[in-house]
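A.B. asks: Numbering (UniProt numbering), first residue to last: 1 to 171.
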Amino acid sequence: MYESELTLDRIGFPPFSARNCQQTLIPVMSGDLRRTVNGTLIYTGNEGHHKFQTVIQCQDKSCPAFEGIWRGSLVKVGCIQRLSQEVKYLREIMLYRDPVENSVIVMDENRQEKEIESVTERIVRIRDQQQGPDKWYVFYRPSLAMRVISYKLLTDEWGFSGGWQLDLEEV
């Protein structure tokens, strides 16, 4: 049994090192907001450059196996934080990020879960059904290639507890 849905491909989780983790996803600041001579606010960035930063924190009894992990290390993160997209009724949905395996859920606006036929890379295929409501929602845990910005380890010797924080940014 796993203690957390979180996965970090180069960092192992010994027992009691990843229970009750918290993750924050933060859009990376790219581009600028500028006003034209007519006063209209425009975005000067490239939409293909939208990336995330993340902060993952945990208080438990011990810390993960961070040995060999340094600033700049590449880590594949199976996020705890779910992303969601609103889509119109479609049989095929394109996700913005790669999903963690078995993490995709599709619901209509009446909270009725839809049966998924397949998930291939970022494409989710829904079983052919009656159209139903106009709005559908796709929820999934993204799998992100990220670089380590920093991490902190904490040990409370007498309280026999530990904690850690990992800061990463999407490549």
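Ideal placement from N, C-alpha and C gives every residue a C-beta, glycine not left out. Given the structure is predicted, the values throughout are model-derived calculations rather than measurements.
Could you check whether the region 92 to 107 touches the region 143 to 157, counting it as contact only if at least three pairs of C-beta atoms, one from each stretch, sit closer than 8 Å?
C.D. replies: yes
A.B. asks: Report the rounded CA-to-CA distance for residue 246 versus residue 40, giving the unit in angstroms.
C.D. replies: Coverage of the chain is limited to positions 1 through 171, which leaves residue 246 absent and any answer about it impossible.
A.B. asks: Between which two residues does the beta strand (DSSP E) holding residue 164 run?
C.D. replies: Element bounds for residue 164: 161 to 170.
A.B. asks: Can you have a look at residue 60 and say buried or exposed, based on whether 16 or more other CB atoms are within 10 angstroms of its CB?
C.D. replies: buried
A.B. asks: Do you know how far the Cα of residue 113 is from the Cα of residue 174?
C.D. replies: Any property of residue 174 remains undetermined from this structure, which presents the chain solely from 1 to 171.
A.B. asks: Please classify residue 136: is it buried, with 16 or more other beta-carbons within 10 angstroms of its beta-carbon, or exposed?
C.D. replies: buried
A.B. asks: Run through the DSSP bridge pairs and tell me what residue 105 is partnered with.
C.D. replies: 139
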